[in-house]
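Some notes on the structure that comes next.
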Amino acid sequence: MSNDTSDLPQATGRRLEELEKGLFTSDLSVNEFLLIKEVGFHPLGLVMGSSIYHTGIQTRKWSQSQELTKLTEAMYNARELAMTRMEEEAAQLGADGVVGVRLDVNYYEWGKDAAEFIAVGTAVKAEDGVSRRNKLGKPFTSDLSGQDFWTLVQTGYFPQGLVMGTCVYHIAHRGLGQTLGSAGQNVELPNFTQALYEARELAMTRMQDEATALDATGIVGVRLEEKSHQWGSHTIEFLSLGTAVVKASDVVSLDRPLTIVSLDN
Amino acid sequence: MGDRPADLPEALGRRISDGSFTSGLSVAEFAACLELGLEPVGLAQGFCAMQWSTYAMGGAFARGIAPYGGGQGGYVENYQCPHGMVSGEHRAWGQNYQQTWIEDAWLKGFSSAYSRMLEEAQALGAHGVIGVVDTVGHLSDLGIIEFHLRGTAVSVPGATAPPTPWSTYLAGQRLVKVIEAGFAPVAIVAAVASVRVWAYCMTEYLMGGTAGFFGGASDPVEIAQIVAAQLTAREIVRSSARTQLHGDSLHGASVSVLEREFEKGDLEIQALLRGNRLRRFKEFDALAVPRATVRLS
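Top to bottom, those sequences are chains A and B. Counting from 1, position 26 in the first sequence corresponds to residue 66 in my numbering; the numbering is continuous, with no gaps. Counting from 1, position 34 in the second sequence corresponds to residue 47 in my numbering; the numbering is continuous, with no gaps.
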């Protein structure tokens, strides 16, 4: 899908054309801008991708903890679509990568069960003209700030892509018998432990699979998020997100941090 | 790990057999980790879901009648009404007592999740776990508390792994500074103390701001029963943390206190202490002389 930009809206055309002429927009702070310039990159423009997705419904068994695979797929595909569209915008600008990516999910009143998935970031390009795209020939993506991007490059690592894994899980309701059976005791509930454990491990494994596809050395800044969205408290999405990195050089050019005493009040 | 429910989940097997590492470290912490010569090998985590209720000693019947005799061990303190008055609304007796069963259950949940995290770390061939984060939270509306611990498993290239991985809440420059100061992390320390307060008449009047005739004063006065409970919870949690040190030192400790009111005059004071057990392994390296800075913005 990387070179096929036919599904981007028309308005994108003019905005990107202007950006191609040299004007750039970015949501980087001044400090972030300077640090990105310092490691030899130039911001090209703010890029985004969006997808409004009907997440559908899936029947759940009242007393059984299980993965809701249809919802998992929906949540995954919707984010993937938003990310891919953002990458397409970046590719059209000739970018090497996108930094500071934010992934958001919005729900609107007009669409029950529909959600808008948005990915926004700043496209950057290497000033030396050497391509820094990832193994798949696409611009790398990352949720790193300008400061983090600079620090990472100093350690000899380079971002390859924002990777994610998700798992939507239904947690069983407890029957009256079960509740009464252990009433008045604080004890471990092995089935619940096991079910939730499994759900998070699945999300993380899926994230790692994405990193492996990029030939990454590792993933930094992993976040595990848990949200019930609009499904009620017993259905939870476990989302795992991080930036896949590859070791590009053994040279660590990061200075030892200086010890300072701030004289500010 | 003893009484864990079953084996670690199936999905884990594939995750840890992959060659790449996953880390919960921020980029700055990652850089500091490399500076120390530590190699991240993966994100290790452990969970434990526990049925949870905050039932009191002897049920609610025992409250306000007479000192409850059948203790569960630990701290108990009784308060008697000074007015010599008996009525359904007047609490003639009050009591503070340590809820050892809550503390034991908490510790069981926490240490199960902790040992599962260490087990994952061990399966990854790690020497230690840095940047540990723990969360204890309610799971939907089930009356279940879930303990969740996670951290980044690291190894020291070329060294042999210790029998049990060490662990610490620290990461990044704070960990670097601790090691420069000559301390090596041994384990995280977490302890909880739970004191239940059954207020007697005086405490109820003072807490309700109705310290008129029966309270004997309208000036601000100390509420002795609450103060005693607050102090004792902190004392218990500190001594319980001390038993986990085995001669090592505790650094970066923090105590958080949670006060919950179940109904008027019935509260729980819970103190939670977190810290890092550290052991001296070399003399203190002199810290570089700090440079003074002034921000111009």
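For every residue, glycine included, the Cβ atom is placed at its ideal position computed from N, Cα and C. A quick note: this is a predicted structure, and the numbers were derived from the prediction, not measured.
query: Under 8 Å: do the segment 97-115 of chain B and the segment 192-207 of chain B share three or more Cβ pairs, one atom per stretch?; result: yes
query: Going by the beta-carbon positions, is the gap between V302 (chain B) and L286 (chain B) smaller than 7 Å?; result: no
query: How would you write the range of the beta strand (DSSP E) that S69 (chain A) sits in, first residue to last?; result: S69 (chain A) -> no beta strand (DSSP E), and no H or E assigned at all.
query: For L133 (chain A) and L56 (chain A), which I take to be in contact (beta-carbon distance under 8 Å), what is that distance rounded to the nearest angstrom?; result: 6 Å
query: With 16 as the cutoff for other CB atoms within 10 Å, does V240 (chain B) come out buried or exposed?; result: exposed
query: What residue from B:M215, B:G195, B:R304, B:V234 has the CA that sits closest to E296 (chain B)'s CA?; result: B:G195
query: Quick one: using the 10 Å Cβ neighbour count with 16 as the cut-off for buried, is Q58 (chain B) buried or exposed?; result: buried
query: Measuring CB to CB, does L303 (chain A) end up less than 7 Å from V307 (chain B)?; result: yes
query: Using beta carbons (cut-off 7 Å, strictly below), is E107 (chain A) in contact with chain B?; result: no
query: According to the Cβ coordinates, are G107 (chain B) and W211 (chain B) closer than 7 Å?; result: yes
query: Can we count G53 (chain A) as close to the ligand FAD, meaning its CB is less than 6 Å from some heavy atom?; result: Ligands displayed in this structure: none; no statement on the ligand FAD is therefore possible.
query: Across the segment 113-132 of chain A and the segment 78-91 of chain A, are there enough close Cβ pairs to call them in contact, namely three or more that are closer than 8 Å?; result: yes
query: Can you give me the C-alpha to C-alpha distance between Y93 (chain A) and E120 (chain A), rounded to a whole angstrom?; result: 11 Å
query: With a threshold of 7 Å between beta carbons, is M41 (chain A) in contact with chain B?; result: Bear in mind that a pLDDT of 41 at M41 (chain A), under 50, signals an unreliable position, so the number given afterwards is only what the model happens to contain. Not an interface residue.
query: Does the segment 284-298 of chain A come close enough to the segment 258-265 of chain A to have 3 or more Cβ pairs within less than 8 Å?; result: yes
query: Whole beta strand (DSSP E) runs in the segment 153-236 of chain A with 3 or more residues, listed along the chain?; result: 154-166, 197-210
query: In chain A, which residues lie with their C-beta within 9 Å of the C-beta of G122 (chain B)?; result: N226, E228
query: Whose C-alpha, out of B:Y182, B:L47, B:A134, is nearest the C-alpha of A174 (chain B)?; result: B:A134
query: Threshold first: 4 residues or longer. Then list the alpha helix (DSSP H) segments lying entirely within the segment 198-269 of chain B, N to C.; result: 214-221, 237-255
query: Taking only three categories from DSSP, how would you classify G147 (chain B)?; result: Looking at the sequence itself, residue 147 (chain B) is Asp, so the reference to Gly does not match. Note: D147 (chain B) maps to strand in three-state DSSP.
query: Where does S42 (chain A) sit, in a helix, a strand or coil, going by DSSP?; result: Note that S42 (chain A) has pLDDT 44, beneath the 50 cutoff, so the model's placement of it is unreliable and no number is given.
query: Excluding the 5 residues flanking E266 (chain A) on each side, which residues of the same chain have their C-beta closer than 8 Å to its C-beta?; result: I276, E277, F278, L279
query: For Y116 (chain A), which of helix, strand or coil comes out of DSSP?; result: helix
query: Exposed or buried, what is S293 (chain A) when buried is set at 16 or more other beta-carbons lying within 10 Å of its beta-carbon?; result: exposed
query: How big is the Cα-Cα spacing for D16 (chain B) and M63 (chain B)?; result: In this predicted model, D16 (chain B) has a pLDDT of only 40, less than 50, meaning its place in the structure is not dependable; the value taken from the coordinates is given anyway. Their Cα atoms are separated by approximately 13 Å.
query: Let me confirm a value: D255 (chain A) is counted as buried when at least 16 other C-beta atoms fall within 10 Å, else exposed. Which label applies?; result: exposed
query: Measure from the alpha carbon of T245 (chain A) to the alpha carbon of each residue in A:N231, A:L264, A:E228, then state which is nearest.; result: A:L264
query: Do Q200 (chain A) and F180 (chain A) have their C-beta atoms within less than 7 Å of each other?; result: yes
query: Within 7 Å (strictly less), CB to CB, does S302 (chain A) reach chain B?; result: yes
query: Under the three-state reduction of DSSP, which class applies to M98 (chain B): helix, strand or coil?; result: coil
query: L38 (chain B) versus chain A: which residues are under 8 Å apart at the beta carbon?; result: V260, G261
query: Indicate whether the contact test is met: 3 or more Cβ pairs, each with one atom in the segment 180-191 of chain A and one in the segment 64-78 of chain A, closer than 8 Å.; result: yes
query: Tell me, please, whether the CB atom of F43 (chain B) is closer than 7 Å to any CB atom in chain A?; result: yes
query: Using a Cβ-Cβ cut-off of 7 Å, state whether M130 (chain B) counts as contacting chain A.; result: no
query: Residues bridged to D279 (chain B) by DSSP?; result: B:W211, B:E276
query: V307 (chain B) versus chain A: which residues are under 9 Å apart at the beta carbon?; result: S302, L303, D304
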